[in-house]
Amino acid sequence: MEVGQTTANALYQQAVGGTFRMEADAARKCAEVYTRFVETTIDTQLRAAGDLQRLEGFGGFESAQQLQSGFAAKALKMTEALIAMKEAALRMAAAYLRAGQLIEEADAMNARAINTAATEVSQS
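Numbering (our numbering), first residue to last: 7 to 130.
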């Protein structure tokens, strides 16, 4: 699901190529906005979505099982969207860090973005 990954990747490539630059302090502050978004919003919602995938108590009727199945499928789609958002936000943070010539921090943030999908999907 595309929720900004293409834009984040393009901005990161511009930073790597040197066409997107900014001062280190400003870059760090911009990156912090994205990491704060991940930590305070997306991660919280990912936990809630995981809980929704494991709903119980619908009863034994076929219609109840179908309802339970439907909710679980919607929770899975929400989880996939949130993972994609998290990856995009972390890549945006990496792009800003790279634009500020904070290479080591940018590389670490980019690695975190790359690892997000595999790690989060295996946990859901």
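Cβ coordinates follow ideal geometry from the N, Cα and C atoms, glycine included. Keep in mind it's a predicted model, so treat the numbers as computed, not measured.
**Request:** Could you pull out every unbroken alpha helix (DSSP H) segment of at least 4 residues lying fully inside the region 56–119, listed in chain order?
**Result:** 68–105
**Message:** Considering Cα atoms alone, identify which of 71, 91, 13 is closest to residue 50.
**Reply:** The residue you call residue 50 lines up with position 44 of the sequence shown. The option with the nearest alpha carbon to residue 50 is 91.
**Message:** Suppose contacts are defined by Cβ-Cβ distances below 8 Å. Is residue 106 in contact with residue 16 by that definition?
**Reply:** As a first step, residue 106 is located in the sequence shown; it is residue number 100 there, counting from the start. As a first step, residue 16 is located in the sequence shown; it is residue number 10 there, counting from the start. It is not a contact, given that the beta carbons lie outside the stated cut-off.
**Asked** Taking the alpha helix (DSSP H) that residue 43 falls in, what are its first and last residues?
**Response** Working through the sequence shown from its first residue, we reach residue 43 at position 37. Where residue 43 is concerned, the enclosing alpha helix (DSSP H) stretches over 30–43.
**Prompt:** If you drop the 5 nearest sequence neighbours on each side, which residues of the same chain put their C-beta closer than 6 Å to that of residue 95?
**Reply:** Numbered from its first residue, the sequence shown carries residue 95 at position 89. Closer than 6 Å at the Cβ level, and outside the excluded window around residue 95, lie 40, 43, 44.
**Where the alpha helix (DSSP H) containing residue 13 begins and where it ends** = For the purposes of this step, residue 13 is taken as residue 7 along the sequence shown, with counting starting at 1. Unbroken alpha helix (DSSP H) run through residue 13: 11–23.
**Message:** Which same chain residues end up closer than 6 Å to residue 102 when comparing Cβ atoms and leaving out the 5 residues on each side of it in sequence?
**Reply:** The sequence position of residue 102 within the sequence shown is 96, counting from 1. Excluding positions up to five away in sequence, the list reads 33, 36, 37.
**Asked** In three-state DSSP terms, what is residue 53?
**Response** Residue mapping note: residue 53 aligns to position 47 of the sequence shown, counting from 1. Note: residue 53 maps to helix in three-state DSSP.
**Message:** Just to confirm before moving on: does the CB-CB distance between residue 2 and residue 89 stay below 8 Å?
**Reply:** There is no way to answer for residue 2, as the model of the chain reaches only from 7 to 130.
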